[in-house]
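Line order of the protein sequences matches chains A and B. Those letters in the first sequence? Residues 20 to 410, per this note's numbering, in order. Those letters in the second sequence? Residues 20 to 410, per this note's numbering, in order. Virtual Cβ for every residue (Gly too), placed ideally from N, Cα, C.
There are 2 protein chains.
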Amino acid sequence: MSVFDRQEFHARLARVKARMAQAGIDVLIAADPANINYLTGYDGWSFYVHQYAVVRLDADEPLWVGRAMDAPGARMTAYLKPANIIAYPETYVDSDVLHPAQFLVRTLRESGCGSARIGTDFDTFYFTAKDYLEIVRELPNARVVDAKGLVNWVRLIKSPAEVALMRGAAAIVGKAMEAGMAAIEPGVRECDAVAKITSAQFHGTADFWGDYPAALAQVPSGKKSAAPHMTWSGDSYAKDTVAYLELGGCHHRYHAALARTLYMGIPPRELIDMARVVAEGLDTALDAARPGATCHDVEAAWRKVIRRAGHDKPSRIGYSIGLNYPPDWGERTASLREGDQTVLEPNMCFHLILGMWMDDWGYELSETFCVRAQGAPEILTSFPRDLVIKT
Amino acid sequence: MSVFDRQEFHARLARVKARMAQAGIDVLIAADPANINYLTGYDGWSFYVHQYAVVRLDADEPLWVGRAMDAPGARMTAYLKPANIIAYPETYVDSDVLHPAQFLVRTLRESGCGSARIGTDFDTFYFTAKDYLEIVRELPNARVVDAKGLVNWVRLIKSPAEVALMRGAAAIVGKAMEAGMAAIEPGVRECDAVAKITSAQFHGTADFWGDYPAALAQVPSGKKSAAPHMTWSGDSYAKDTVAYLELGGCHHRYHAALARTLYMGIPPRELIDMARVVAEGLDTALDAARPGATCHDVEAAWRKVIRRAGHDKPSRIGYSIGLNYPPDWGERTASLREGDQTVLEPNMCFHLILGMWMDDWGYELSETFCVRAQGAPEILTSFPRDLVIKT
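Pasting the structure below:
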């Protein structure tokens with residue numbers, strides 16, 4: 020069973036339907052596993068095959084449409100009535116002839132949606148070009164429109180129950196950071212450090228069991244720290260190099276993320292200076308993240324600080340975070356960047372991540388925060404912000 | 020740098036180009052991270068944004084087209100010359116206005132491919148409906164065709180260097196299974212068992228460092244074992260229940276997978292009978308997996324054994340396995356199932372997984388094998404096949 024009660028799902032559905040009505044959409048197809056979970060409670064590592072949640076404006080509950088093998092899991096985890104769990108046969112899996120979207124379309128047609136206005140996010144991974152082409156071909160009388168981010172924008176504002184899970188995730192990622200800082204030393208293989216970090220992520224705490232983050236640990240050092248998104252290898256950490264740790268904590272699929280940096284040796288002047296400037300920028304940006312401010316404003320506050328120190332960062336400094344599945348804990352909605360005019364509202368949660376990648380080294384510092392009803396945000400994550408120095 | 024030499028990449032490219040020529044494709048766009056890695060060596064956890072590898076029939080090397088932030092990582096990991104690493108600006112990320120496919124298309128147009136016959140896999144996750152629609156809209160003179168599985172089918176037959184990595188992955192998954200069997204006991208939380216399993220997966224061995232498997236551990240017990248694909252929670256294992264462990268080992272992105280089952284208590288008769296029948300079916304199917312046999316034949320050998328015992332399994336019993344990224348270590352090509360007429364050839368590798376899900380319990384047994392030049396296959400994984408009994 021889901022960790023949320025039925026009222027929570029009904030409230031989500033109402034907000035999604037309001038957006039559908041506004042966009043003139045009768046039937047919404049969600050293919051992103053986070054959106055399927057958000058709408059139905061379904062949770063399983065089955066998103067490597069096609070699966071969908073279907074919201075009809077005129078129905079009380081969504082449908083779950085997925086693989087026959089996964090229907091028992093849907094009955095265990097989704098809040099839906101059994102009749103709303105609809106399974107396609109195994110012959111639709113990895114077939115050259117049959118496609119799950121054909122089955123989905125038949126379900127839609129049989130329930131009288133053959134000429135509906137159908138919305139779906141055209142740019143979500145897990146909704147392929149083939150999904151789109153099959154739906155358009157098989158429903159010639161329907162109108163299929165791009166509902167980009169429709170459910171994601173609803174997810175942006177968390178309920179109190181969701182924020183509570185994120186506090187649990189934040190407690191977990193703090194433990195994982197501790198484990199990582201203890202494990203990384205010259206001579207230690209990256210994979211062995213990650214084993215300890217991940218162990219802490221999955222153990223979690225006595226109160227909060229550790230779920231798998233949508234992205235695994237990134238702990239590059241030396242020249243590899245000059246690039247983001249490098250995963251680990253069997254290389255060993257070396258003396259007199261920098262390493263950063265970008266980690267997620269997860270509880271019931273809700274995330275908090277945290278990044279810190281360490282130096283193995285006597286840190287060079289430029290790294291110490293960078294750490295100072297970035298910490299000041301973080302403070303300033305966090306203080307700016309008040310209800311009524313825009314995402315643009317938060318980034319501008321940061322930019323002002325680092326400009327003064329002669330630095331520049333072309334990429335965004337954060338994004339909304341919450342419920343998610345691999346490959347990304349970001350929600351693909353609001354970004355803390357120049358020009359993003361999203362207005363901060365209470366219970367929006369962001370990962371504010373300051374990644375500075377130089378030619379042959381990098382520095383990262385981040386926090387996950389939740390916008391309060393007034394004043395500066397609640398910082399969910401908790402770990403000293405200083406550059407960690409191991410000599 | 021990649022673990023493979025340049026000759027390996029050239030050989031792959033030649034095989035891909037041969038299939039392109041046969042299909043009348045001038046330009047192939049690959050969006051699946053496994054295919055991008057296969058073609059270029061690129062490796063990074065950046066597949067949550069759009070990225071592509073482009074193979075031109077008339078070019079010596081593919082292009083890597085990805086996010087500006089990830090270009091340094093591409094220069095570190097891909098074998099390509101710097102001019103073939105092409106980055107789109109940060110403004111294309113999660114934007115309502117700009118889409119990475121527009122940037123890709125401009126690159127294609129500028130290199131004279133505006134009226135080419137372009138192939139891409141329409142049904143790969145990571146190639147969205149929006150990707151497709153943008154390419155078709157922006158290249159009105161091109162012809163865009165479905166190159167379903169084109170690179171995947173090339174991946175099906177491994178090189179000796181690839182099989183060597185899979186042997187490493189198999190050594191790792193054996194260690195992980197040992198750790199799991201030791202950890203799972205009545206009273207232990209699932210998440211704490213998974214922490215130990217994952218720690219073993221990432222430590223790997225002295226010779227083979229542990230990379231992250233494309234799917235994490237599945238270790239359900241009791242009623243949850245009646246469904247596949249359930250990930251763990253904070254629930255504790257209970258006495259007198261069955262649990263199965265479906266685990267991956269990974270080394271340099273190459274996988275071996277392994278499933279075993281344990282019972283905490285005195286196992287009921289029906290479980291012991293099931294274990295016996297499935298073990299006999301596994302032996303029979305493995306023995307049938309000889310070069311020249313079809314995937315259909317292997318499944319038929321299994322089916323005959325379980326039919327005799329009064330069982331039925333509607334889903335496939337295996338799939339090709341190798342290089343991959345989340346969410347799936349399967350290659351989406353050949354499946355061991357009724358009707359699949361793919362002929363087994365040396366160096367094809369499969370995960371033969373016998374998952375039997377009853378109404379309120381389940382049993383799994385699997386091996387990862389590599390087809391030999393003659394005779395029965397090399398079984399890469401190694402762990403006793405008996406039901407493990409913990410009293």
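Would you say residue i faces chain A, with C-beta separation under 8 Å as the test?
i, result
"B/Tyr67", "yes"
"B/Thr361", "no"
"B/His330", "no"
"B/Tyr256", "no"
"B/Phe122", "no"
"B/Pro247", "yes"
"B/His315", "no"
"B/Ser385", "no"
"B/Asp51", "no"
"B/Thr280", "no"
"B/Val97", "In the sequence as presented, Val is not what sits at residue 97 of chain B; that position holds Ala. B/Ala97 does not count as touching chain A."
"B/Ala276", "no"
Counting only the same chain and skipping the five closest in sequence on each side, list residues whose C-beta sits under 7 Å from that of residue i.
i, result
"A/Asn366", "Ile176, Lys177, Val182, Cys389, Val390"
"A/Pro286", "Leu406, Ile408"
"B/Ala53", "Leu342, Asn343, Tyr344"
"B/Thr143", "Ala50, Asp51"
"B/Thr303", "Ala320, Trp321, Val324"
"A/Thr352", "Gly168, Asn171, Trp172, Leu175, Ser339"
"B/Lys242", "Asp379"
"A/Ala93", "Tyr61, Trp83, Gly85, Ile104"
"A/Glu157", "Gln121, Val124"
Please go through the same chain and pick out, in chain order, the residues whose beta-carbon is closer than 6 Å to the beta-carbon of residue i, but skip the five residues on each side of it.
i, result
"A/Asp356", "Asp is not the amino acid found at residue 356 of chain A; the sequence shown has Arg there. Hits under 6 Å: Glu318, Arg335."
Identify the continuous alpha helix (DSSP H) that holds residue i and give its terminal residues.
i, result
"A/Val238", "Element bounds for A/Val238: n/a, residue is neither H nor E."
"A/Met95", "90-96"
"A/Ala102", "Here A/Ala102 belongs to no alpha helix (DSSP H), and DSSP marks it neither H nor E."
"B/Ala202", "179-202"
"B/Ile291", "288-307"
"B/Val407", "First-last for B/Val407: 407-409, but that is the beta strand (DSSP E), not the alpha helix (DSSP H)."
"B/Ile55", "52-59"
Say yes only if the C-beta of residue i is nearer than 7 Å to one or more non-hydrogen atoms of the ligand PLP, and no if none qualify.
i, result
"A/Thr139", "Annotation note on the ligand PLP: not contained in the displayed structure, which lists no ligands."
Compare the beta carbon distance of residue i and residue j with 8 Å and say whether it is the shorter of the two.
i, j, result
"A/Ser385", "A/Leu277", "yes"
"A/Ala50", "A/Tyr111", "no"
"A/Val207", "A/Ser240", "no"
"B/Ala245", "B/Asp378", "yes"
"B/Thr126", "B/Ala97", "no"
"A/Thr139", "A/Ile55", "no"
How would you write the range of the beta strand (DSSP E) that residue i sits in, first residue to last?
i, result
"A/Cys368", "368-376"
"B/Val116", "It is not in any beta strand (DSSP E) - B/Val116 carries neither H nor E in the DSSP assignment."
"A/Gly268", "260-270"
"A/Asp165", "162-165"
"A/Ile137", "136-139"
"A/Ser218", "Premise fails: A/Ser218 lies in the alpha helix (DSSP H), 209-222, not in any beta strand (DSSP E)."
"A/Arg75", "71-75"
"A/Arg86", "82-86"
"A/Leu277", "273-283"
"B/Cys132", "Element bounds for B/Cys132: n/a, residue is neither H nor E."
"B/Ile340", "337-340"
Are any of the Cβ atoms in chain B nearer than 8 Å to that of residue i?
i, result
"A/Leu373", "no"
"A/Gly241", "no"
"A/Leu305", "no"
"A/Glu109", "yes"
"A/Ser334", "yes"
"A/Trp321", "no"
"A/Gln237", "yes"
"A/Met88", "yes"
"A/Gly341", "no"
Whose Cβ in chain E lies nearer than 9 Å to the Cβ of residue i?
i, result
"B/Arg136", "The displayed structure is made up of protein chains A and B, and chain E is not among them."
Could you name the residues of the same chain whose beta carbon sits closer than 8 Å to that of residue i, not counting the 5 residues immediately before and after it, in chain order?
i, result
"B/Ala395", "Leu305, Asp306, Ala308, Arg309"
"B/Leu117", "Thr110, Tyr111"
"B/His248", "Gln237"
Requested in this report: Compile a chain-ordered list of the residues in the stretch 179-213 of chain A whose CB is closer than 7 Å to at least one CB of chain B.
Outcome: Listed by position along the chain: Arg208, Cys210, Asp211, Val213.
Requested in this report: Please name the residues in the stretch 141-166 of chain B whose beta-carbon is closer than 8 Å to at least one beta-carbon of chain A, in chain order.
Outcome: Near chain A, meaning a CB-to-CB distance below 8 Å, the residues of the stretch 141-166 of chain B are Phe141, Asp142, Thr143, Phe144, Tyr145, Phe146, Thr147, Ala148, Lys149, Asp150, Tyr151, Leu152, Asp165.
Requested in this report: Residues of the stretch 286-304 of chain B with a CB closer than 9 Å to any CB of chain A: list them in chain order, please.
Outcome: Only those residues of the stretch 286-304 of chain B whose C-beta falls short of 9 Å from the nearest C-beta of chain A would be listed, and there are none.
Query raised in the report: Just by C-beta distance, which residues in the stretch 217-231 of chain B are closer than 7 Å to chain A?
Result: If the cut-off is 7 Å between Cβ atoms, the stretch 217-231 of chain B has Thr217, Ser218, Phe221, His222, Gly223, Trp228, Gly229, Tyr231 near chain A.
Report task. Would you list, in chain order, the members of the stretch 377-407 of chain B that have their beta-carbon closer than 9 Å to a beta-carbon of chain A? Result -> Listed by position, the residues of the stretch 377-407 of chain B near chain A (Cβ gap below 9 Å) are Asp378.
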